[in-house]
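Okay, so here's the structure we're looking at.
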Amino acid sequence: AFVLNLLPEDTDPAALERAERHPKAKPGNGCLVLKDSNAYVECTVTKALNAGDCTILYATVVGGKVLKANDLTQLISVVQQGKPVVAMAAAGGAPAHSWSAAAASA
Numbered sequence: 848a849f850v851l852n853l854l855p856e857d858t859d860p861a862a863l864e865r866a867e868r869h870p871k872a873k874p875g876n877g878c879l880v881l882k883d884s885n886a887y888v889e890c891t892v893t894k895a896l897n898a899g900d901c902t903i904l905y906a907t908v909v910g911g912k913v914l915k916a917n918d919l920t921q922l923i924s925v926v927q928q929g930k931p932v933v934a935m936a937a938a939g940g941a942p943a944h945s946w947s948a949a950a951a952s953a
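Count the sequence shown with our numbering and you get residues 848 to 953, in order.
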């Protein structure tokens with residue numbers, strides 16, 4: 848299980864090194880929700896695929912919550928800092944409770 852944190856668009860990737868736990872968010876899977884998150888998505892891994900130098904995780908979204916409804920989010924790449932890359936894709940047109948997410952880590 849894991850949580851995808853949707854962060855504000857102006858988040859500095861360096862700030863993630865000293866990120867804090869959100870004081871009120873309590874996802875059902877017990878994973879970390881960051882204090883500055885606009886929203887979070889709870890996921891359960893359904894399959895892991897060895898792709899050579901990385902592993903692709905297929906997951907189902909099982910929950911989540913919007914914490915700041917009026918803020919914009921941005922996908923942040925932290926490749927420059929030598930950190931794992933995470934990507935998310937949702938099945939278009941599907942109801943929110945049945946979306947799937949895929950995450951890849953180096």
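Don't be surprised by glycine CBs; every beta carbon is placed ideally from N, CA and C.
Do you know how far the Cα of glycine 899 is from the Cα of leucine 879?
28 Å
Under a three-way DSSP split, which group does leucine 863 fall into?
helix
Tell me which residues share the same chain as alanine 919 and place their Cβ nearer than 6 Å to its Cβ, disregarding the 5 neighbours each side in the sequence.
Just to set this straight, residue 919 is leucine in the shown sequence, not alanine. Around leucine 919: Glu856.
For glutamate 889, which three-state DSSP category applies?
strand
Which same chain residues end up closer than 6 Å to threonine 902 when comparing Cβ atoms and leaving out the 5 residues on each side of it in sequence?
Ala895
By a C-beta neighbour count over all protein chains shown, 10 Å radius and 16 as the cutoff for buried, is proline 874 buried or exposed?
buried
What's the gap between the Cα of threonine 893 and the Cα of alanine 906?
5 Å
Under the three-state DSSP convention, the category glutamine 927 falls into
Any answer about glutamine 927 is weak, because its pLDDT of 43 lies below 50 and its placement is not dependable; what the coordinates show is given next. In this structure, glutamine 927 counts as helix in the three-state DSSP scheme.
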